[in-house]
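Engineer: Protein chains in written order, with my numbering: chain X, 538 to 905; chain L, 875 to 1042.
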Amino acid sequence: MAPINFWVLDNFWAHLALFGIAIIAFVLLMVMVFIWFERRAFGPFQLRRGPNRASPWGALQPVADAIKVLLKEDIVPAVADKWVHFIAPIIGFLPVLLIFAVVPFHRGHGLLPDMNIGILYVVAISALGVVGVFMAGWASGNKYSLLGGMRVIAQMVSYEVPLVLSIISVVLVAGTLSMNGIVAAQEVPYFLLMPLGFIIFLIAAMAEINRGPFDLLEADSEIVAGFHIEYSGMKFAMFYLAEYGHALAMSAIAATLFFGGWKGPGDVYLGILWFLLKIFFIFFLLIWARVTFPRLRVDHLMGFGWKFLFPLALANVFIMAAEVIFWGGADGGVPWWVIFVNFPAAIALIYLWSRLFKFGGGRVDVTA
Amino acid sequence: MTSRLDGSGLGLLKGMAMTFKHLLRPRITTQYPEERLTLSKRFRGYTMVWDRERCTGCATCAKSCPQGNIEIVTSKGADNAYVVEKFELDSGRCIFCGLCVESCPYDALFLGMEYECSSYRRGELVLSKEKLLYTPDKQRSAYARPKLEPALPRQTLLIEGDRGSKKR
Chain X
538 MAPINFWVLD
548 NFWAHLALFG
558 IAIIAFVLLM
568 VMVFIWFERR
578 AFGPFQLRRG
588 PNRASPWGAL
598 QPVADAIKVL
608 LKEDIVPAVA
618 DKWVHFIAPI
628 IGFLPVLLIF
638 AVVPFHRGHG
648 LLPDMNIGIL
658 YVVAISALGV
668 VGVFMAGWAS
678 GNKYSLLGGM
688 RVIAQMVSYE
698 VPLVLSIISV
708 VLVAGTLSMN
718 GIVAAQEVPY
728 FLLMPLGFII
738 FLIAAMAEIN
748 RGPFDLLEAD
758 SEIVAGFHIE
768 YSGMKFAMFY
778 LAEYGHALAM
788 SAIAATLFFG
798 GWKGPGDVYL
808 GILWFLLKIF
818 FIFFLLIWAR
828 VTFPRLRVDH
838 LMGFGWKFLF
848 PLALANVFIM
858 AAEVIFWGGA
868 DGGVPWWVIF
878 VNFPAAIALI
888 YLWSRLFKFG
898 GGRVDVTA
Chain L
875 MTSRLDGSGL
885 GLLKGMAMTF
895 KHLLRPRITT
905 QYPEERLTLS
915 KRFRGYTMVW
925 DRERCTGCAT
935 CAKSCPQGNI
945 EIVTSKGADN
955 AYVVEKFELD
965 SGRCIFCGLC
975 VESCPYDALF
985 LGMEYECSSY
995 RRGELVLSKE
1005 KLLYTPDKQR
1015 SAYARPKLEP
1025 ALPRQTLLIE
1035 GDRGSKKR
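Below you can see the structure in the form of structure tokens.
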């Protein structure tokens, strides 16, 4: 493949402007597609059709929603901390955009920089979103939104640990922190090499983006709408955007780390198509989990994170490290046949830990 | 019965398999304005149908109406029979109980098969005898009129896998 030689790629500011706009456009467009895709996928899961009124297949439904939400009145509560209330949605949404700076869409390219510590940057930035959410919960001056904010802090701190540990196992095997390097190192997709790591990453990611069974911070039936209860109009749209943007970011990272990113059969220019396909596959898994599982209780959420995911993630790191040391080649990495070791090991570990793991505290068994 | 595998996360997989099966099943919803289900033959629906030929003006229907909703005024005609001068009911107050139809000794009153009876003016809901008059194009329900049953279309039953999706 001949290197692309546009003048924009040589000029720093032109490069920044072009690809910055490209990233923003990509995220906004994909968020719309994701909202549509999720609602459309929820339909058949619940034996109904999903949105189908606005244009064929309801494809313009997110546009209609966006227009509706933009026309709404912007209400700021009298007791709210005005500035924090105003700035919270921006801080909540910004990290989502920043993540995409290093996601490799194509062979050898992150859109903005090709950072050699890409995955570290992603972990650092994605943890920032929680600040915006907590600011929203705090500044609204509402009990429920504060509860939601508190919950999100606890949840994020708990699930960041297994998330990062499962990323560490990927980094150990790939031998690099660069997102492009990780993709390039994947001869076999890593979800086969480390099934346990993939499962832990997926569960922790679901918790991290506050959806599916882990949407405690906006649990409608308990705390109404959680942190965004006092938000309306454009600011609410920002939170909605951030939520789906985060789902998109996590899907993109999972596709990069475990499914080999832009790798796929065919021409290298098809890389971005393969990448999008993998993103949609991961997102479908998230939808599937969300539609299946009921919401966790708060103490069960904490117990699950610390007592189940955390030890298993540690075990996964040790297993992968041992395999890299004893079976790894000269340039790191593990041979493909560790699949046959790691799948039984994953099943055995999950089974074993489920025997040891019990929900404790707060549970009262009433017997006659 | 407890198995050795209980509580080991197998239930989660079972749940996901179950929801995936749902994904492949036909939907149960009806896209209402375009698709309509065929109603029961004995549906008690909108617009009573009144047969001028059969009605003798006995006003049994008016007496049986729990709402006191049917207003009927008669006068003496040529051969000493009643002539119905006014037959009026306010369908906004009607509860579609069907007692008037059941009580009619001459099978002159029928319930309808319509259910889209909303209107912008309350006055439009008051139906005079011209609006209620039987014409062959009016769909009559077989409620309390079993003789009408064979002519009516079969009800769509969801249990038979029939989505009843007839397009208009």
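Just so you know, even glycine gets a beta-carbon here, dropped at the ideal spot from N, CA and C.
Any Cβ of chain L within less than 9 angstroms of the Cβ of residue 589 of chain X?
Structural biologist: Against the first sequence, residue 589 of chain X aligns to sequence position 52. Yes, its Cβ sits closer than 9 angstroms to a Cβ of chain L.
Engineer: What does residue 581 of chain X touch in chain L if you count any residue whose Cβ is under 9 angstroms from its own?
Structural biologist: Walking along the first sequence from the start, residue 581 of chain X turns up at place 44. Near residue 581 of chain X (Cβ distances below 9 angstroms), the residues of chain L are 896, 897, 898, 899 and 901.
Engineer: At a Cβ cut of 8 angstroms, what residues of the region 866 to 894 of chain X count as close to chain L, listed as they run along the chain?
Structural biologist: 887, 888, 891 and 892
Engineer: Let me know if residue 592 of chain X comes out buried or exposed under the rule of 16 or more other beta-carbons within 10 Å of its beta-carbon.
Structural biologist: If you number the first sequence from 1, residue 592 of chain X lands on position 55. Residue 592 of chain X should be labelled exposed.
Engineer: Assign residue 1009 of chain L to buried or exposed, taking buried as 16 or more other Cβ atoms, counted over all protein chains shown, within 10 Å of its Cβ.
Structural biologist: In the second sequence, the residue the question calls residue 1009 of chain L occupies position 135. Label assigned to residue 1009 of chain L: exposed.
Engineer: Whose Cβ in chain X lies nearer than 9 angstroms to the Cβ of residue 883 of chain L?
Structural biologist: Sequence index remark: in the second sequence, residue 883 of chain L carries index 9 (1-based). Chain X residues near residue 883 of chain L: 887, 888 and 891.
Engineer: Using C-beta distances below 6 angstroms, list every residue in its chain close to residue 568 of chain X, excluding the 5 sequence neighbours before and after it, in chain order.
Structural biologist: Residue mapping note: residue 568 of chain X aligns to position 31 of the first sequence, counting from 1. The residues are 778, 781 and 782.
Engineer: Measuring straight from C-alpha to C-alpha, what distance separates residue 893 of chain X and residue 847 of chain X?
Structural biologist: Taking the first sequence and counting its residues from 1, the one referred to as residue 893 of chain X is at position 356. Taking the first sequence and counting its residues from 1, the one referred to as residue 847 of chain X is at position 310. Cα to Cα, the separation comes out at about 14 angstroms.
Engineer: Does the CB of residue 515 of chain X have a neighbour CB from chain L at under 9 angstroms?
Structural biologist: Shown here, chain X extends from 538 to 905; a query on residue 515 of chain X therefore has no answer.
Engineer: Against chain X, does residue 912 of chain L count as a neighbour if the rule is that its beta carbon must be under 9 angstroms from one of theirs?
Structural biologist: Translated into the one-based positions of the second sequence, residue 912 of chain L becomes position 38. Output row for residue 912 of chain L: interface = no.
Engineer: Counting only runs that start and end within the region 960 to 984 of chain L, where is the beta strand (DSSP E) found for 3 or more residues in a row?
Structural biologist: none
Engineer: Thinking residue 603 of chain X and residue 774 of chain X are a contact (beta carbons under 8 angstroms), I'd like their distance in whole angstroms, please.
Structural biologist: As a first step, residue 603 of chain X must be located in the first sequence, where it is residue number 66. As a first step, residue 774 of chain X must be located in the first sequence, where it is residue number 237. Yes, they are in contact, since the Cβ atoms of residue 603 of chain X and residue 774 of chain X sit about 7 angstroms apart, within 8 angstroms.
Engineer: Which residues in the same chain have their Cβ closer than 6 angstroms to the Cβ of residue 723 of chain X, if we skip the five residues on either side of it in sequence?
Structural biologist: Locating residue 723 of chain X in the first sequence gives position 186, counting from the first residue. Once the five neighbours on either side are set aside, the close Cβ partners of residue 723 of chain X are 797.
Engineer: Can you find a C-beta in chain X that's less than 9 angstroms from the C-beta of residue 1031 of chain L?
Structural biologist: Counted from its first residue, the second sequence places residue 1031 of chain L at position 157. No, residue 1031 of chain L does not count as interfacial toward chain X.
Engineer: So residue 763 of chain X and residue 685 of chain X are in contact, right, with Cβ under 8 angstroms, and what is the actual spacing, rounded?
Structural biologist: Residue numbering aside, residue 763 of chain X sits at position 226 when the first sequence is read from its first letter. Residue numbering aside, residue 685 of chain X sits at position 148 when the first sequence is read from its first letter. With 8 angstroms as the limit, residue 763 of chain X and residue 685 of chain X qualify as a contact, their Cβ atoms being about 3 angstroms apart.
Engineer: Using a Cβ-Cβ cut-off of 9 angstroms, state whether residue 713 of chain X counts as contacting chain L.
Structural biologist: Reading the first sequence from its first residue, position 176 is the one you call residue 713 of chain X. Answer no: the Cβ-Cβ gap between residue 713 of chain X and chain L never drops below 9 angstroms.
Engineer: Hey, out of L:900, L:990, L:1007 and L:963, whose CA is closest to residue 937 of chain L's CA?
Structural biologist: In the second sequence, counting from the first residue as 1, residue 937 of chain L sits at position 63. When only C-alpha atoms are compared, the closest one is L:963.
Engineer: Residues of chain L with CB closer than 8 angstroms to the CB of residue 828 of chain X, please, in chain order.
Structural biologist: In the first sequence, the residue the question calls residue 828 of chain X occupies position 291. Those are 893, listed as they occur along chain L.
Engineer: Could you list which residues in chain X have their beta carbon closer than 7 angstroms to that of residue 942 of chain L, in chain order?
Structural biologist: Stepping through the second sequence from its first residue, residue 942 of chain L is reached at position 68. Near residue 942 of chain L there are no residues of chain X at all, since even the closest Cβ is about 43 angstroms away, more than 7 angstroms.
Engineer: Name the two residues that bound the continuous alpha helix (DSSP H) containing residue 817 of chain X.
Structural biologist: By one-based count along the first sequence, residue 817 of chain X stands at place 280. For residue 817 of chain X, the uninterrupted alpha helix (DSSP H) run begins and ends at 808 to 829, by DSSP.
Engineer: Taking residue 940 of chain L as the reference, give the member of L:884, L:929 and L:974 with the closest Cα.
Structural biologist: In the second sequence, residue 940 of chain L corresponds to position 66, counting from 1. For residue 940 of chain L, the nearest C-alpha among the options comes from L:974.
Engineer: Residue 612 of chain X by DSSP, collapsed to three states: which one?
Structural biologist: The count along the first sequence starts at 1 and reaches residue 612 of chain X at position 75. The DSSP-derived three-state label of residue 612 of chain X is coil.
Engineer: Applying a beta-carbon distance threshold of less than 7 angstroms, which residues of chain L neighbour residue 594 of chain X?
Structural biologist: For the purposes of this step, residue 594 of chain X is identified with residue 57 of the first sequence, where counting begins at 1. Residues of chain L passing the Cβ test: none, with the nearest at roughly 13 angstroms.
Engineer: Can the beta-carbon of residue 628 of chain X be found less than 9 angstroms from the beta-carbon of residue 672 of chain X?
Structural biologist: Against the first sequence, residue 628 of chain X aligns to sequence position 91. Against the first sequence, residue 672 of chain X aligns to sequence position 135. Yes, the pair counts as a contact, with Cβ atoms nearer than the cut-off.
Engineer: With a Cβ-Cβ cutoff of 9 angstroms, do residue 931 of chain L and residue 952 of chain L count as a contact?
Structural biologist: Here the question's residue 931 of chain L lines up with position 57 in the second sequence. Here the question's residue 952 of chain L lines up with position 78 in the second sequence. No; because the gap between Cβ atoms is not below 9 angstroms, this pair is not in contact.
Engineer: Could you confirm whether any beta carbon from chain L is found closer than 9 angstroms to the beta carbon of residue 908 of chain X?
Structural biologist: With chain X represented from 538 up to 905, any question about residue 908 of chain X goes unanswered, as that position is not in the structure.
Engineer: Report all residues from its chain with a CB closer than 8 angstroms to the CB of residue 882 of chain X; omit the five preceding and five following residues, and keep chain order.
Structural biologist: In the first sequence, the residue the question calls residue 882 of chain X occupies position 345. Answer for residue 882 of chain X: 733 and 856, listed in chain order.
Engineer: Going by DSSP in three states, residue 1019 of chain L sits in which element: helix, strand or coil?
Structural biologist: Taking the second sequence and counting its residues from 1, the one referred to as residue 1019 of chain L is at position 145. Note: residue 1019 of chain L maps to coil in three-state DSSP.
Engineer: Going by alpha carbons, who is nearest to residue 594 of chain X out of X:610, X:670, X:575 and X:668?
Structural biologist: As a first step, residue 594 of chain X is located in the first sequence; it is residue number 57 there, counting from the start. Closest option to residue 594 of chain X, Cα to Cα, is X:575.
Engineer: How would you write the range of the beta strand (DSSP E) that residue 997 of chain L sits in, first residue to last?
Structural biologist: Residue mapping note: residue 997 of chain L aligns to position 123 of the second sequence, counting from 1. Taken as a continuous stretch (DSSP letters only), residue 997 of chain L belongs to no beta strand (DSSP E), as it is neither H nor E.
Engineer: Taking 9 angstroms as the CB-CB limit, is residue 889 of chain L close to chain X?
Structural biologist: Translated into positions along the second sequence, residue 889 of chain L becomes position 15. The C-beta of residue 889 of chain L comes closer than 9 angstroms to at least one C-beta of chain X.
Engineer: Quick check on residue 729 of chain X - is its C-beta less than 9 angstroms from some C-beta in chain L?
Structural biologist: Locating residue 729 of chain X in the first sequence gives position 192, counting from the first residue. It does not: the Cβ of residue 729 of chain X has no partner Cβ on chain L nearer than 9 angstroms.
Engineer: If contact means a Cβ-Cβ distance below 7 angstroms, which residues of the region 652 to 676 of chain X contact chain L?
Structural biologist: With the criterion set as a beta carbon lying under 7 angstroms from some beta carbon of chain L, the region 652 to 676 of chain X has no members that meet it.
Engineer: Could you check if residue 997 of chain L is buried or exposed, using at least 16 other CB atoms within 10 Å of its CB as the buried criterion?
Structural biologist: Position 123 of the second sequence, counted from the start, is the residue given in the question as residue 997 of chain L. The C-beta of residue 997 of chain L has fewer than 16 other C-beta atoms within 10 Å across all chains shown, which makes the residue exposed.
Engineer: With 9 angstroms set as the bound, which would you pick, yes or no: does the beta-carbon of residue 573 of chain X sit closer than that to a beta-carbon of chain L?
Structural biologist: Along the first sequence, read from residue 1 onward, the residue named residue 573 of chain X stands at position 36. With 9 angstroms as the cut-off, residue 573 of chain X does not count as an interface residue toward chain L.
Engineer: With DSSP run on the structure shown, which of helix, strand or coil describes residue 553 of chain X?
Structural biologist: Numbered from its first residue, the first sequence carries residue 553 of chain X at position 16. In the structure shown, residue 553 of chain X sits in a helix (DSSP, three-state: H, G or I).
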